[in-house]
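What follows is a short report on a single structure.
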Amino acid sequence: PVVDAVFVKRWGRRKSWLVPTQLVAGLLMVFGSDYVEQNLGMESVAMVTSSSEPLGLDNFSVKGVTAFFFALYFLMATQDIAV
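Per the numbering used here, residue 204 is the first one in the sequence shown, and the count goes up by one each step.
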């Protein structure tokens with residue numbers, strides 16, 4: 204209901220939601236890539252693969268990755284509703 208009711212008349216109903224959600228989703232993907240790598244424990248993969256030690260899941264954060272993708276999919280669902 205919010206997507207249908209709130210819009211800027213100058214931009215129109217669709218553009219009022221499409222432009223901001225695409226902008227925020229794009230920025231989230233670009234700047235959030237390092238965040239996801241850190242929460243998956245990927246920053247230490249290069250160091251570990253050069254040695255004979257197995258990959259550890261010490262830095263793995265399910266909550267962080269879940270929150271990131273929840274925000275991203277929420278934006279994508281909002282964009283889908285606006286179309």
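Every residue, glycine too, gets a C-beta built ideally from N, C-alpha and C. None of the values given here were measured: they were computed from a predicted structure.
{"Asked": "Quick one: what does DSSP say Gly-267 is sitting in, helix, strand or coil?", "Found": "helix"}
{"Asked": "Can you tell which of Val-286, Ala-280, Ser-264 and Pro-204 has its C-alpha closest to the C-alpha of Gln-241?", "Found": "Ser-264"}
{"Asked": "Leu-231: which of Leu-275, Asp-283, Met-279 and Gln-282 sits nearest, CA to CA?", "Found": "Leu-275"}
{"Asked": "Compute the beta-carbon to beta-carbon distance between Ala-285 and Arg-213, rounded to the nearest angstrom, for a pair I have assumed lies under 8 Å.", "Found": "Contact doesn't hold; Cβ gap of about 16 Å is too wide."}
{"Asked": "Would you kindly work out how many angstroms separate the C-alpha atoms of Gly-229 and Ala-208, rounded to a whole number?", "Found": "25 Å"}
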